[in-house]
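Trainee:
Residue numbers (the numbering used here): 88 to 461.
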């Protein structure tokens, strides 16, 4: 253990500035923990305003992570309970259930990130947990994005090819697609298990991506870092965003052309889905790409920009239940049924219960007629 720590420390001391910054950044600014410029020999902590900005960014990240964790666990937990235990099994509910599971696993693992960030990026969980936590975070990041893409594509195909969808869009096929999404996400997450490492420097334990693995492999490390980052951008964002945006734009066109919507609410929800995905993920991936050529930019761009961008990316996991489930027709009907039964159970007398139930049902009926299921 001491020998490994000594070798890792020696590696940090002898690497070039580029190698240290690009290959030994610790975990704070991404799901895999790629970016943390807190190592004292890499960037000296500035005094005055910059130190205050760094503290603010760290607190801001902790707050966003905490809110995302609480809302994500509660929201996705409710979705899992309702869909898994009460709602009828269908292609759409299968996709939503898997999305909720992915987001639930991701948000439930955020406390590790919160503790690490709050402790000024001092890793106290050991090397195995360093590898495992990073793998779990990236796995659920990819799975969530893939499932969002699958849901949008499924809705688009159902509208464009209704006859084909009715004959071939089965729950069995949906389960197979979900398994494929999890497998692909697992393969994309494997580098975390291989390259994650820990090192102790000046009493601070860092969990970092050791792409080089040794001093002699510095060039290989740069290549590995660039390849993984670009693959993450192309597969985990660019392709998915094009499919999501394209699918929902086609849905908007169909809704307007066939006048399927009696109100503008469905169009607004679709627009919110596209904007939320883009706003949450674009800054993170853009900064990750720019970080490959870090010499062209001031280090503060990444030091302060990446934690904010990552916080936005994590927030998408607590938005998904609201955008994809709670606004859906099936969930609304289930909610109406549950609330009606609850009102009956809590009422003081039967007559009052029946009146309340009829009033509530009429109000719900009017609301449902004003929207359509996405």
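Every residue gets a Cβ at the ideal spot worked out from N, C-alpha and C, and that includes glycine.
Starting from residue 258, trace the beta strand (DSSP E) in both directions and tell me its first and last residue.
Mentor: Numbered from 1 along the chain shown, position 171 holds the residue referred to as residue 258. First-last for residue 258: 258 to 282, but that is the alpha helix (DSSP H), not the beta strand (DSSP E).
Trainee: Can residue 201 and residue 152 be called in contact, C-beta distance under 7 Å?
Mentor: Taking the first residue of the chain shown as position 1, residue 201 is located at position 114. Taking the first residue of the chain shown as position 1, residue 152 is located at position 65. Yes, these two residues count as a Cβ contact at 7 Å.
Trainee: Would you mind sorting residue 248 into buried or exposed? The rule is 16 or more other CB atoms within 10 Å of its CB.
Mentor: Walking along the chain shown from the start, residue 248 turns up at place 161. Result: exposed.
Trainee: Start and end of the alpha helix (DSSP H) containing residue 222?
Mentor: On the chain shown, residue 222 is found 135 positions in, with the first residue counted as 1. Segment 213 to 247, the alpha helix (DSSP H) holding residue 222.
Trainee: When we look at the beta-carbon of residue 295 and count the other beta-carbons within 10 Å, is it buried (16 or more) or exposed?
Mentor: Along the chain shown, one-based indexing puts residue 295 at 208. So residue 295 counts as buried.
Trainee: Alpha helix (DSSP H) containing residue 291: first to last residue?
Mentor: On the chain shown, position 204 is the one that residue 291 refers to. Here residue 291 belongs to no alpha helix (DSSP H); instead the beta strand (DSSP E) covers 291 to 296.
Trainee: For the segment 309 to 327 against the segment 243 to 261, are there 3 or more C-beta pairs whose distance is under 8 Å?
Mentor: Result no; under three Cβ-Cβ pairs closer than 8 Å.
Trainee: Are residue 222 and residue 267 touching if we call contact CB-CB under 7 Å?
Mentor: For the purposes of this step, residue 222 is identified with residue 135 of the chain shown, where counting begins at 1. For the purposes of this step, residue 267 is identified with residue 180 of the chain shown, where counting begins at 1. It is not a contact, given that the beta carbons lie outside the stated cut-off.
Trainee: Helix, strand or coil for residue 288? Go by DSSP, reduced to three states.
Mentor: To locate residue 288, count along the chain shown from 1; it is residue 201. Residue 288: strand per DSSP, three-state reduction.
Trainee: For the putative contact between residue 195 and residue 398, defined by C-beta atoms under 8 Å, what is the C-beta separation to the nearest angstrom?
Mentor: Here residue 195 is taken as the residue at index 108 of the chain shown, counted from 1. Here residue 398 is taken as the residue at index 311 of the chain shown, counted from 1. The Cβ separation is near 17 Å, so there is no contact.
Trainee: Buried or exposed, going by whether 16 or more other CB atoms sit within 10 Å of the CB of residue 314?
Mentor: Locating residue 314 in the chain shown gives position 227, counting from the first residue. By the neighbour-count rule (16 or more Cβ atoms within 10 Å), residue 314 is not buried but exposed.
Trainee: Can you look up residue 173 in the DSSP assignment and give me helix, strand or coil?
Mentor: If you number the chain shown from 1, residue 173 lands on position 86. In this structure, residue 173 counts as coil in the three-state DSSP scheme.
Trainee: Report yes or no: is there a C-beta of chain B within less than 7 Å of the C-beta of residue 234?
Mentor: In the displayed structure, chain B is absent; only one protein chain is listed.
Trainee: Could you check the C-alpha separation between residue 270 and residue 139 for me, to the nearest Å?
Mentor: Taking the chain shown and counting its residues from 1, the one referred to as residue 270 is at position 183. Taking the chain shown and counting its residues from 1, the one referred to as residue 139 is at position 52. In a straight line, the C-alpha of residue 270 is about 43 Å away from that of residue 139.
Trainee: By DSSP, does residue 375 sit in helix, in strand, or in coil?
Mentor: As a position in the chain shown, residue 375 is number 288, starting the count at 1. Three-state DSSP puts residue 375 in a helix.
Trainee: Can you tell me whether DSSP reads residue 457 as helix, strand or coil?
Mentor: As a position in the chain shown, residue 457 is number 370, starting the count at 1. For residue 457, the predicted structure reports a pLDDT of 42, less than 50, and the residue's modelled location is therefore unreliable. A value from the coordinates is still provided. If DSSP states are grouped into helix, strand and coil, residue 457 belongs with coil.
Trainee: Fully enclosed by the segment 317 to 352, which alpha helix (DSSP H) runs are 4 residues long or longer?
Mentor: The segment 317 to 352 contains these whole alpha helix (DSSP H) runs: 326 to 345.
Trainee: Count the other CB atoms within 10 Å of the CB of residue 372; is the residue buried (16 or more) or exposed (fewer)?
Mentor: On the chain shown, residue 372 is found 285 positions in, with the first residue counted as 1. Result: buried.
Trainee: Please state the DSSP three-state secondary structure of residue 186.
Mentor: Numbered from 1 along the chain shown, position 99 holds the residue referred to as residue 186. Helix, per DSSP.
Trainee: Please determine, among 380, 401, 320, 219, the residue with the shortest C-alpha to C-alpha distance to residue 277.
Mentor: Locating residue 277 in the chain shown gives position 190, where the first residue counts as 1. Nearest option by C-alpha distance: 219.
Trainee: Using the three-state DSSP reduction, which class does residue 380 fall into: helix, strand or coil?
Mentor: In the chain shown, residue 380 corresponds to position 293, counting from 1. Residue 380: coil per DSSP, three-state reduction.
Trainee: What span of residues does the alpha helix (DSSP H) with residue 198 cover, start to end?
Mentor: Numbered from 1 along the chain shown, position 111 holds the residue referred to as residue 198. Counting along the chain, the alpha helix (DSSP H) containing residue 198 begins and ends at 197 to 205.
Trainee: Do residue 167 and residue 183 come within 7 Å of each other at the CB atom, strictly closer than that value?
Mentor: Stepping through the chain shown from its first residue, residue 183 is reached at position 96. Stepping through the chain shown from its first residue, residue 167 is reached at position 80. Not in contact: residue 183 and residue 167 (Cβ atoms no closer than 7 Å).
Trainee: For residue 229, collect the residues of the same chain with a Cβ closer than 7 Å to its Cβ; drop the 5 residues on either side in sequence, then sort them by chain order.
Mentor: Start at 1 with the first residue of the chain shown, and residue 229 comes out as number 142. Answer for residue 229: 272, 275, 276, 323, listed in chain order.
Trainee: Can you check which of these residues, 374, 406, 377, 355, is closest to residue 364 by C-alpha distance?
Mentor: Locating residue 364 in the chain shown gives position 277, counting from the first residue. Residue 406 is the option with its Cα nearest to residue 364.
Trainee: Label residue 284 either buried or exposed according to how many other C-beta atoms from any shown protein chain fall within 10 Å of its C-beta, with 16 as the threshold for buried.
Mentor: Along the chain shown, one-based indexing puts residue 284 at 197. Residue 284 comes out buried.
Trainee: For residue 396 and residue 377, which I take to be in contact (beta-carbon distance under 8 Å), what is that distance rounded to the nearest angstrom?
Mentor: Residue 396 sits at position 309 when you count from the first residue of the chain shown. Residue 377 sits at position 290 when you count from the first residue of the chain shown. Not really, about 11 Å apart at Cβ, beyond 8 Å.
Trainee: Give the C-beta separation of residue 181 and residue 265 to the nearest angstrom, bearing in mind that I take them to be a contact with Cβ-Cβ under 8 Å.
Mentor: By one-based count along the chain shown, residue 181 stands at place 94. By one-based count along the chain shown, residue 265 stands at place 178. Residue 181 to residue 265, Cβ: 7 Å. Contact.
Trainee: From the DSSP output, in three-state form, read off residue 210 for me.
Mentor: Along the chain shown, read from residue 1 onward, the residue named residue 210 stands at position 123. Residue state, collapsed to three classes: coil.
Trainee: For residue 404, does the three-state DSSP call read helix, strand or coil?
Mentor: Sequence index remark: in the chain shown, residue 404 carries index 317 (1-based). Residue state, collapsed to three classes: helix.
Trainee: Roughly how many angstroms separate the alpha carbons of residue 189 and residue 231, rounded to a whole number?
Mentor: As a working mapping, residue 189 is identified with position 102 in the chain shown. As a working mapping, residue 231 is identified with position 144 in the chain shown. Those two C-alpha atoms are separated by around 6 Å.
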